[in-house]
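Read top to bottom, the protein sequences are chains S and Y.
Here our numbering is used: the first residue of the first sequence is 273, the next is one more, and so on.
Here our numbering is used: the first residue of the second sequence is 7, the next is one more, and so on.
Using N, Cα and C, we set each Cβ at its ideal position, and we do this for glycine too.
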Amino acid sequence: MASVIRAPNCELINVGPLGTDTSAVLSELADALDAGPFATPVGDAPSVPTGELTTQSLAAAVASTLPEDVVVSDESNTAGVHFYGASQFSPRHSWMTLTGGAIGMGLPLALGAAVGSERRVLALEADGSMMYTLQAFGPWPARVSTSRSSDSPIGVTPC
Amino acid sequence: MNSRQRLRSGPSRRVRLWPHPISENLAERLKPSVPDERHSGWWPGLDTSQLHLAQRIAAATSSKFMVETFPTIMERGSGVATPERLIYVAEFAAAQLKDIDALVLIGARDPVSFSPIPTWRA
Chain S
273 MASVIRAPNC
283 ELINVGPLGT
293 DTSAVLSELA
303 DALDAGPFAT
313 PVGDAPSVPT
323 GELTTQSLAA
333 AVASTLPEDV
343 VVSDESNTAG
353 VHFYGASQFS
363 PRHSWMTLTG
373 GAIGMGLPLA
383 LGAAVGSERR
393 VLALEADGSM
403 MYTLQAFGPW
413 PARVSTSRSS
423 DSPIGVTPC
Chain Y
7 MNSRQRLRSG
17 PSRRVRLWPH
27 PISENLAERL
37 KPSVPDERHS
47 GWWPGLDTSQ
57 LHLAQRIAAA
67 TSSKFMVETF
77 PTIMERGSGV
87 ATPERLIYVA
97 EFAAAQLKDI
107 DALVLIGARD
117 PVSFSPIPTW
127 RA
């Protein structure tokens, strides 16, 4: 059973139900509020970590070496909890997540992104989750690599 | 008729509620007439232009700009808006939202946790 997590006295204002043209809503609101220009956030990507392997250093290792324009399929789950924060100033990339909550979609998602977009893809994959859909390695075994140095369009980092 | 054809030819199940006459009123309500006393949260769409619009709106309204825990796909990295992500663990997520007294949803559902919070509701 799921629980509502906003506070009991929190008012809900739903201006964009699912299926809404979100861009139109946002544009109209920004205009109506006469919102100022976008202030580009400033910061640095983490440096390459040294020392002990922890969930923090893992996140820093990935974020500090992330290639430009890569698509990340993030099913790193608990071991990847620091990746979102660590990667905010990495080179530009697209980030996909485990939308349904049920593990096992990370590798098929990565494969689909690689085939559909022809961009390089990095799968951050929890080992248990990986076991659900090992079939994703099957059709294109030569295209999947666990090594950064490879030219394969999909890299997999087991977490 | 197979399911794919049915999907293509059937009436649209997509409910489109926008545009409707909420924009001006909402903009009025969101203006920070009493800054620091009213906090709002944002749940926007996630391409770069949407993220940037949402960050501008949040700045103009003294709101906190947040994204759901598991967006389908989101542009990230240098030069892109940096919304706060709702935390996966229910107790932490509840703590994150505890001072939010108005939550503005755009293209997202009312956030729920994967597991219940036993003491949250009577």
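Considering only C-alpha positions, which residue in the set the options is nearest to residue i?
i, options, result
"CYS431/S", "VAL342/S, LEU298/S, GLY378/S and PHE409/S", "GLY378/S"
"ILE285/S", "THR78/Y, ASP116/Y and GLN102/Y", "ASP116/Y"
"GLY384/S", "PRO363/S, MET402/S and ALA408/S", "ALA408/S"
"ALA398/S", "CYS282/S, GLU390/S and ASP346/S", "ASP346/S"
"ALA66/Y", "LEU338/S, PRO313/S, GLN328/S and ALA307/S", "ALA307/S"
"CYS282/S", "ALA87/Y, ARG91/Y and ASP107/Y", "ASP107/Y"
"TYR404/S", "GLY388/S, PRO380/S, PRO309/S and GLU390/S", "PRO380/S"
"ALA304/S", "LEU59/Y, ASP53/Y and LEU52/Y", "LEU59/Y"
"SER275/S", "TYR94/Y, ASP105/Y and LEU111/Y", "TYR94/Y"
"ASP105/Y", "GLN61/Y, SER69/Y and LEU52/Y", "SER69/Y"
Using a Cβ-Cβ distance under 8 Å, would residue i count as near chain S?
i, result
"SER55/Y", "yes"
"PRO50/Y", "Model confidence at PRO50/Y stands at a pLDDT of 39, short of 50, so the residue's coordinates are unreliable; what they give is reported in the following sentence. Closer than 8 Å: yes."
"LYS70/Y", "no"
Are the beta-carbon atoms belonging to residue i and residue j less than 8 Å from one another?
i, j, result
"ALA99/Y", "ILE277/S", "yes"
"SER348/S", "LEU396/S", "yes"
"GLY85/Y", "SER362/S", "no"
"ALA332/S", "ALA351/S", "no"
"ILE63/Y", "ALA302/S", "yes"
Quick one: which chain S residues come within Cβ less than 9 Å of residue i?
i, result
"MET80/Y", "SER366, TRP367, MET368 and THR369"
Return yes when the C-beta of residue i is under 7 Å from any heavy atom of the ligand GTP, and no when it is not.
i, result
"GLN61/Y", "As far as ligands go, the structure on display features none, and thus does not contain the ligand GTP."
Does any residue of chain Y have a CB that is nearer than 8 Å to the CB of residue i?
i, result
"ILE375/S", "no"
"ALA386/S", "no"
"GLU283/S", "yes"
"GLY378/S", "no"
"ILE463/S", "The requested residue 463/S does not occur in the structure, where chain S is confined to residues 273 to 431."
"SER336/S", "no"
"THR322/S", "no"
"GLY288/S", "yes"
"THR312/S", "yes"
"PRO318/S", "no"
Quick one: list the residues of chain Y neighbouring residue i, beta-carbon separation under 8 Å, in chain order.
i, result
"ALA333/S", "In chain order: nothing, as chain Y lies at least about 16 Å away."
Show which residues of chain Y have a CB atom less than 9 Å away from the CB atom of residue i.
i, result
"GLN360/S", "ARG82, GLY83, SER84, VAL86 and THR88"
"TYR356/S", "ARG82 and ARG91"
"GLY308/S", "ARG62, ALA65 and ALA66"
For residue i, which residues in chain C fall below 7 Å Cβ to Cβ?
i, result
"ALA302/S", "You won't find chain C in this structure, because its protein chains are S and Y."
Report all residues from its chain with a CB closer than 7 Å to the CB of residue i; omit the five preceding and five following residues, and keep chain order.
i, result
"GLU74/Y", "TRP49, LEU92, ALA114 and PRO117"
"GLN233/S", "Residue 233/S falls outside the range modelled here, since chain S spans only 273 to 431, and no answer is possible."
For residue i, which residues of its own chain have a beta-carbon under 8 Å away from its beta-carbon, when the five flanking residues on both sides are left out?
i, result
"ARG392/S", "PRO339, ASP341, VAL342, VAL343, ALA386, PRO425, ILE426 and GLY427"
Looking only at its own chain, which residues have a Cβ that is under 6 Å from the Cβ of residue i, when we skip the five neighbours before and after it?
i, result
"THR429/S", "LEU396"
List the residues of chain Y that residue i touches, going by C-beta distances under 7 Å, in chain order.
i, result
"ALA395/S", "Those do not exist, as ALA395/S stays about 14 Å from chain Y at its closest Cβ, beyond 7 Å."
"SER299/S", "LEU59"
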